[in-house]
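To keep things clear, I will list the structure first and then write my remarks on it.
In my numbering, the protein residues as written are 10 to 143.
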């Protein structure tokens, strides 16, 4: 799991194949969406998606790019099979879900500044930028 879900947020930093060992069925894969392939048009990018961050994952259903899985335990079992080639037991999946639950915390409050409205007297940036804007 740590290969794709690494870093500060345990994922979200890169794109990886979904179905490394075994592709999930059409009930999981997004219909008509082949992931990064739509951007790169490279065959190796078919069904390559961004690895979701695992922080607060138990608060962010539905799961996967398709949004078709609403149960975290089911998502864990699908990942075990498709990414690792392992059929996880209920107990193993429950333990992984318990671990994922331990990654839940208070989200930091983000306050965005309210910028003043631009007027005719608002100064423009100096340098080459104004040449492009005007």
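Think of the CB as a built atom: it goes at the ideal place given N, C-alpha and C, for glycine as much as any other residue.
Local conformation of residue i per DSSP, three classes
i           : result
residue 58  : strand
residue 78  : strand
residue 44  : strand
residue 121 : coil
8 Å contact criterion, which residue i and residue j should meet: CB distance rounded
i           : j          : result
residue 96  : residue 90 : 6 Å
residue 52  : residue 82 : About 33 Å separates the two Cβ atoms, so there is no contact after all.
residue 105 : residue 33 : Not really, about 17 Å apart at Cβ, beyond 8 Å.
residue 60  : residue 23 : 6 Å
residue 54  : residue 46 : 5 Å
Segment limits, beta strand (DSSP E) that includes residue i
i          : result
residue 26 : 24 to 26
When the options are compared against residue i, the one with the closest alpha-carbon
i           : options            : result
residue 19  : 52, 83, 66 and 36  : 66
residue 12  : 116, 63 and 108    : 63
residue 27  : 17, 16 and 75      : 75
residue 43  : 58, 24 and 129     : 58
residue 116 : 54, 129, 79 and 69 : 69
residue 31  : 16, 93, 41 and 17  : 93
Residue i: first and last residue of the uninterrupted alpha helix (DSSP H) it sits in
i           : result
residue 34  : Per DSSP, residue 34 belongs to no alpha helix (DSSP H) and is neither H nor E.
residue 108 : 99 to 110
Distance cut-off 7 Å: residue i Cβ against heavy atoms of the ligand MN
i          : result
residue 52 : Absence of the ligand MN from the depicted structure is noted, as is the absence of any ligand whatsoever, leaving it without description.
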